[in-house]
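**Q**
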Amino acid sequence: MDSGDEINIYSDNEVNDYDGEDANNTDCNYDSLIMEEDSMDSDDSYTEKTRLEGSKDQNYTVLKQSDIRERQENTIAEVATILSVSEAAATVLLRHYNWSVSKVHEAWFADEDRVRKNLGLFDKPIIEIPCDSEIMCGICFDLFPRDEIVSAACGHPYCIECFRYYISTSINDGPGCLILRCPDMTCCAAIDGDMVNKLVLDEEKNKYSTYLYRSFVEENKKIKWCPGPGCEYAIEFDDNHGWDVTCTCGFMFCWNCVEDAHRPVDCETVANWIAKDHDESETMNWILAKTKPCPKCARPIEKKGGCMHMTCNPPCNYEFCWICLGDLDNHWNCNGYKEDKKKEDEKAKKRLFEFLQGEAEAGLERLHGYAEKEVRQFLKDPEGSVNFEEFELKLKSLTGMTKNYFEKLVRALENGLSEVQTFEYWNCDLCTFANSWENVTCEMCQMHL
0 MDSGDEINIY SDNEVNDYDG EDANNTDCNY DSLIMEEDSM DSDDSYTEKT RLEGSKDQNY
60 TVLKQSDIRE RQENTIAEVA TILSVSEAAA TVLLRHYNWS VSKVHEAWFA DEDRVRKNLG
120 LFDKPIIEIP CDSEIMCGIC FDLFPRDEIV SAACGHPYCI ECFRYYISTS INDGPGCLIL
180 RCPDMTCCAA IDGDMVNKLV LDEEKNKYST YLYRSFVEEN KKIKWCPGPG CEYAIEFDDN
240 HGWDVTCTCG FMFCWNCVED AHRPVDCETV ANWIAKDHDE SETMNWILAK TKPCPKCARP
300 IEKKGGCMHM TCNPPCNYEF CWICLGDLDN HWNCNGYKED KKKEDEKAKK RLFEFLQGEA
360 EAGLERLHGY AEKEVRQFLK DPEGSVNFEE FELKLKSLTG MTKNYFEKLV RALENGLSEV
420 QTFEYWNCDL CTFANSWENV TCEMCQMHL
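In numbering that gives the first Met the number 0, the protein residues as written are 0 to 448.
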């Protein structure tokens with residue numbers, strides 16, 4: 000038998016039958032393949048959509064940068080249309096009320112004149128610019144033609160160069176430019192986005208736009224940035240049934256306290272643990288003893304002098320009384336100052352003691368855990384292959400650290416927690432001005448110590 004006969008193992012009829020069956024099912028096979036590919040593409044698109052928008056059972060939504068900008072623009076346009084104001088004025092209103100449309104509508108329709116006055120959104124100038132050919136700039140006091148003079152809604156005249164420098168400097172200083180007011184000390188007229196875009200350069204425009212974009216998340220009570228490294232997504236939370244969320248970047252965290260996901264432990268316990276474990280140096284001791292937390296954002300604030308009127312840094316900008324930590328809008332006088340001061344000292348001492356006690360307990364737990372682990376190795380290894388000198392060195396090091404923690408705790412108790420000292424100034428009983436101890440007379444009201 001030749002090789003040709005060996006290869007041709009099928010009969011002609013069998014070959015024809017096979018080809019005919021394949022030909023009859025060709026369309027069907029291709030259709031099934033196409034349907035399978037479409038199904039795979041559909042699954043991929045559904046998975047991507049679910050990662051961004053969340054499933055129906057989720058109580059949060061992941062927002063991309065384009066989603067945030069779209070929502071911000073739609074919110075501004077909605078308020079501008081309903082209130083019949085410019086989009087720049089609507090932006091000022093929304094920022095003041097933390098981007099809450101309902102609060103803007105409630106305040107505006109309750110008393111429009113009051114809202115305009117408080118936010119500096121004047122509907123007509125409060126001063127009339129003279130009809131002279133040349134007008135004096137309110138900053139440099141030089142004379143300029145009328146076409147080189149600009150002003151906010153209040154009407155105070157300024158030359159273009161001075162006003163541009165004033166706005167640019169504020170933008171370069173940070174997000175505080177979003178609440179910029181007229182340079183006149185007696186005027187509260189708002190400098191809105193239209194004025195900014197009209198005068199400053201492209202670089203400052205981009206910075207201003209970025210500050211405004213970020214404020215939509217940072218000042219919104221329902222949206223927070225994902226704390227994942229390098230992540231630019233934000234999470235919009237719908238209700239408080241479970242705080243754990245998972246961002247599109249894969250980072251899992253607690254939306255309430257923005258720490259790593261910690262269920263079932265509550266946020267307060269986690270915050271106390273982080274405060275104790277954050278820093279084992281004297282820095283934490285100093286912060287606990289010498290600063291007070293902002294009542295709104297809880298950032299530590301140190302006071303070195305001046306009056307009791309405190310203003311937190313942007314974007315918080317919360318104004319409060321240093322003595323009682325009360326809101327200045329509803330604040331008249333702090334009665335019983337000495338009693339409050341004693342309470343603050345006691346609270347500071349308590350926090351310092353808890354911190355030192357936590358350091359000592361954590362050191363003791365580390366020592367106990369290491370010793371127990373290594374001793375078990377020695378018991379399991381009677382031949383002595385484990386390096387005893389290395390074990391002894393580590394054990395001595397941990398023992399020394401634990402000893403230092405307990406000595407620090409005992410020394411603090413013996414000294415009555417003296418690290419919590421009175422601040423380096425005395426407060427006048429009449430005007431509460433903070434004076435240096437070098438002065439025996441109040442610098443403000445001249446009252447004797």
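All residues carry an ideal CB built from backbone N, CA and C; glycine is no exception.
Kindly confirm or deny that the stretch 214-226 and the stretch 56-74 touch, where touching means at least three C-beta pairs closer than 8 Å.
**A** Enough Cβ pairs lie closer than 8 Å, so yes.
**Q** Starting from residue 308 and walking both ways along the beta strand (DSSP E), at which residues does that stretch end?
**A** From DSSP, the beta strand (DSSP E) with residue 308 extends over 308-310.
**Q** One question on the structure: do residue 200 and residue 177 come within less than 8 Å of each other, judged by their Cβ atoms?
**A** Going by C-beta atoms, residue 200 is not nearer than 8 Å to residue 177.
**Q** Given this structure, state the Cα-to-Cα distance separating residue 431 from residue 306, to the nearest angstrom.
**A** If you take the alpha carbons of residue 431 and residue 306, they lie about 7 Å apart.
**Q** Does the Cβ-Cβ distance between residue 246 and residue 266 come in under 8 Å?
**A** No, the pair does not count as a contact, with Cβ atoms beyond the cut-off.
**Q** Apart from the five residues on each side of it in sequence, which residues of its chain come closer than 6 Å, Cβ to Cβ, to residue 92?
**A** For residue 92, where only same-chain residues beyond five positions count, the Cβ hits under 6 Å are 103.
**Q** The alpha helix (DSSP H) with residue 505 in it runs from where to where?
**A** Residue 505 lies beyond the stretch modelled for the chain, which goes from 0 to 448, so this question has no answer here.
**Q** For the stretch 187-194 against the stretch 114-124, do three or more pairs of beta-carbon atoms, one drawn from each stretch, fall closer than 8 Å, so that the two count as touching?
**A** Yes, they touch.
**Q** Which residues in the same chain have their Cβ closer than 8 Å to the Cβ of residue 174, if we skip the five residues on either side of it in sequence?
**A** Here the set comprises 210, 213, 214, 313 and 314.
**Q** When you compare only the Cα positions, how much space is there between residue 259 and residue 253?
**A** Roughly 6 Å between the two C-alpha positions.
**Q** For residue 98, which residues from the same chain have a beta carbon less than 7 Å from its beta carbon, with the 5 sequence-adjacent residues on both sides left out?
**A** 74, 215, 218 and 219.
**Q** Where residue 404 and residue 285 are concerned, what is the direct C-alpha to C-alpha distance, given to the nearest angstrom?
**A** So the alpha carbons of these two residues sit roughly 16 Å apart.
**Q** Can you name, in chain order, every residue of its own chain whose Cβ lies under 7 Å from the Cβ of residue 330, other than the five neighbours on each side?
**A** So the list reads 320, once near-sequence residues are dropped.
**Q** In chain order, which beta strand (DSSP E) runs of at least 3 residues are fully inside the stretch 104-142?
**A** List check, beta strand (DSSP E) in window: 133-135.
**Q** Put residue 62 into one of helix, strand or coil per three-state DSSP.
**A** Residue state, collapsed to three classes: strand.
**Q** For the candidate residues 237, 394 and 256, whose alpha-carbon lies nearest to that of residue 372?
**A** The candidate whose alpha carbon is nearest that of residue 372 is 394.
**Q** Among 441, 390, 363 and 369, whose alpha-carbon lies nearest the alpha-carbon of residue 400?
**A** Nearest C-alpha to residue 400: 363.
**Q** By the 10 Å Cβ neighbour count, where 16 or more other Cβ atoms means buried, how is residue 78 classified, buried or exposed?
**A** With 16 or more other Cβ atoms within 10 Å, it is buried.
**Q** Would you report the Cα separation of residue 167 and residue 149, rounded to the nearest angstrom?
**A** Going by the C-alpha atoms only, they are around 15 Å apart.
**Q** Identify the residues that DSSP records as bridge partners of residue 157: which are they?
**A** Beta-bridge pairing links residue 157 to 149.
**Q** Output yes or no for whether 8 Å exceeds the beta carbon distance between residue 291 and residue 324.
**A** Going by C-beta atoms, residue 291 is nearer than 8 Å to residue 324.
**Q** With 16 as the cutoff for other CB atoms within 10 Å, does residue 444 come out buried or exposed?
**A** It counts as exposed.
**Q** Within 10 Å of its beta-carbon, does residue 192 have 16 or more other beta-carbons around it, so buried, or fewer, so exposed?
**A** Residue 192 is buried by the Cβ-count criterion.
**Q** Find out if the Cβ-Cβ distance for the pair residue 147, residue 158 is shorter than 8 Å.
**A** In contact: residue 147 and residue 158 (Cβ atoms closer than 8 Å).
**Q** If you draw a straight line from the C-alpha of residue 367 to the C-alpha of residue 398, how long is it?
**A** Distance between the alpha carbons of residue 367 and residue 398 is about 10 Å.
**Q** Only counting the same chain, and skipping five residues up and downstream in sequence, which positions put a Cβ closer than 7 Å to that of residue 87?
**A** These residues qualify, in order along the chain: 191, 192 and 193.
**Q** Compute the beta-carbon to beta-carbon distance between residue 433 and residue 241, rounded to the nearest angstrom, for a pair I have assumed lies under 8 Å.
**A** Actually they do not touch by this definition, with Cβ atoms about 46 Å apart.
**Q** Distance check for residue 161 and residue 139, CA to CA, integer angstroms please.
**A** When rounded, the distance between both Cα atoms is 7 Å.
**Q** Would you mind sorting residue 65 into buried or exposed? The rule is 16 or more other CB atoms within 10 Å of its CB.
**A** By the 10 Å Cβ count, residue 65 comes out exposed.
**Q** In chain order, what residues of the same chain lie with their CB nearer than 6 Å to the CB of residue 197, ignoring the 5 residues before and after it?
**A** Nothing listed; no residue qualifies.
**Q** Terminal residues of the continuous beta strand (DSSP E) containing residue 223?
**A** Per DSSP, residue 223 belongs to the beta strand (DSSP E) from 222-224.
**Q** For residue 33, name the three-state secondary structure that DSSP assigns.
**A** The predicted position of residue 33 is uncertain, since its pLDDT is 42 and thus under 50; a value taken from the coordinates is nonetheless stated next. In the structure shown, residue 33 sits in a helix (DSSP, three-state: H, G or I).
**Q** List the residues that DSSP assigns as beta-bridge partners of residue 320.
**A** 308.
**Q** Is the beta carbon of residue 154 less than 8 Å from the beta carbon of residue 182?
**A** Contact: no.
**Q** Per DSSP, what kind of secondary structure is residue 440 in: helix, strand or coil?
**A** Three-state DSSP puts residue 440 in a strand.
**Q** Is there at least one non-hydrogen atom of the ligand NAD closer than 7 Å to the beta-carbon of residue 345?
**A** This structure lacks the ligand NAD, and indeed carries no ligand of any kind.
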